[in-house]
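Yeah, the sequence shown ends on 298 if you go by full-length UniProt numbering, and it's all consecutive.
Glycine residues also receive a C-beta, built at the ideal position from the N, C-alpha and C atoms.
Structure first, then comments.
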Amino acid sequence: MPKVEGVKYVLLDIDVLATEWDDASFKPYRDAFPEEYRSSPAALQAHVEGLTKRDVKVAYLKNLQGYLWEDGYKSGAYSTPLFPDVAPRLKAWKDDGVRLAIYSSGSVFAQKLLFQHVSVGDYTAAVAGQKRSPATASNTDDGNAEPAKKAARRSSRNKPTTNDAISTDQDKPDAGITSATQPTGTEDLRGLMTEDGWFDTTNAGLKAEATSYEKIVQALRWKPAETLFLTDNVKEYDAADSAKLKVLLLDRPGNAVVSDDDKARLQIVSSLEDIDLTSSKPSDGKKSVPTDEKKEES
Numbered sequence: 001m002p003k004v005e006g007v008k009y010v011l012l013d014i015d016v017l018a019t020e021w022d023d024a025s026f027k028p029y030r031d032a033f034p035e036e037y038r039s040s041p042a043a044l045q046a047h048v049e050g051l052t053k054r055d056v057k058v059a060y061l062k063n064l065q066g067y068l069w070e071d072g073y074k075s076g077a078y079s080t081p082l083f084p085d086v087a088p089r090l091k092a093w094k095d096d097g098v099r100l101a102i103y104s105s106g107s108v109f110a111q112k113l114l115f116q117h118v119s120v121g122d123y124t125a126a127v128a129g130q131k132r133s134p135a136t137a138s139n140t141d142d143g144n145a146e147p148a149k150k151a152a153r154r155s156s157r158n159k160p161t162t163n164d165a166i167s168t169d170q171d172k173p174d175a176g177i178t179s180a181t182q183p184t185g186t187e188d189l190r191g192l193m194t195e196d197g198w199f200d201t202t203n204a205g206l207k208a209e210a211t212s213y214e215k216i217v218q219a220l221r222w223k224p225a226e227t228l229f230l231t232d233n234v235k236e237y238d239a240a241d242s243a244k245l246k247v248l249l250l251d252r253p254g255n256a257v258v259s260d261d262d263k264a265r266l267q268i269v270s271s272l273e274d275i276d277l278t279s280s281k282p283s284d285g286k287k288s289v290p291t292d293e294k295k296e297e298s
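Given below as structure tokens:
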């Protein structure tokens, strides 16, 4: 699944709080937080840090994440590094007629940013710092670059200018920059996903609840028994299984350790290359999943 360093964390740019606190473009994101935490920039900063340390996945935090990431992706400062097997395998499945969708705790807007700016370079080089990911980037620009960065941030926001719902522009399939301005070294993979195949905790529900998966397959008009869900979270695995979906647990480097008990009861793979969607019998050690529809966790 897409792996961007720090995807569980939001590095709240103090510059945003200092310069955009009362801006019309920032206010919908600020005002989505509980009232007690938006009394001042310092209070909001402390609350965001507390949520990220506890890995709390709430919609207003994820929406703010997408807002903060947008400029970095547009400028080419950020790109999305993937495990080497991901893009080729997704493209091959798409070519074979497999329908793909995403369900993530990150907002739909953030999901589209990630998939619109996938690094075409080596994954190892990307995570080593060739392209900085949102949570590892900091204000290291020199004194000449920083004023331009601030001006670009203020002028480039394509966000609600009133107190309308934050989702005003986020669910549009073309949200973000156009292919004509695709940053060098990245590719846009949003086209791999089926139409309306973007789900988060706002439009689907919490990921550890079976009803969320039922809602998604109903929305897509997919049959649960023909839908494969890939995840790296055991609770999500169990929830999707309860909703009668096929499920595989991806055990990737850096993921939470899978207990021996869970290893004994769950189907686990370490790569998308280990998954065979075309045959009904396992071959070459691959997990066989006879389905033509697939939902991927991000």
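Contact annotation: residue 41 and residue 21 have beta-carbon atoms nearer than 7 Å. Secondary structure of residue 271 (DSSP, three-state): coil. For residue 224, the CB contacts under 7 Å within the same chain, skipping 5 residues up- and downstream, are 217, 243, 244, 245 in chain order.
Under the three-state reduction of DSSP, residue 120 is assigned to coil, being neither helix nor strand. Residue 249 is positioned such that its CB atom lies closer than 7 Å to that of residue 237.
Here the C-alpha atom of residue 116 lies approximately 32 Å from the C-alpha atom of residue 37. Closest in alpha carbon position to residue 274, among 35, 251, 94, 261, is 251.
Distance check between residue 195 and each of 219, 264, 241 places 219 closest, using alpha-carbon atoms only. Residue 107 and residue 190 have their C-alpha atoms spaced approximately 15 Å apart. In this structure, the straight-line span from the alpha carbon of residue 76 to that of residue 185 is close to 8 Å. Counting every other CB atom within 10 Å of its CB across the protein chains shown gives residue 28 a total of 16 or more, marking it as buried. Look at residue 52 here: in three-state DSSP terms it is helix. Judged by beta-carbon spacing, residue 209 lies beyond the 7 Å limit of residue 256, meaning their Cβ atoms are not closer than that value. Put simply, of 23, 17, 67 the residue whose alpha carbon is nearest the alpha carbon of residue 43 is 17.
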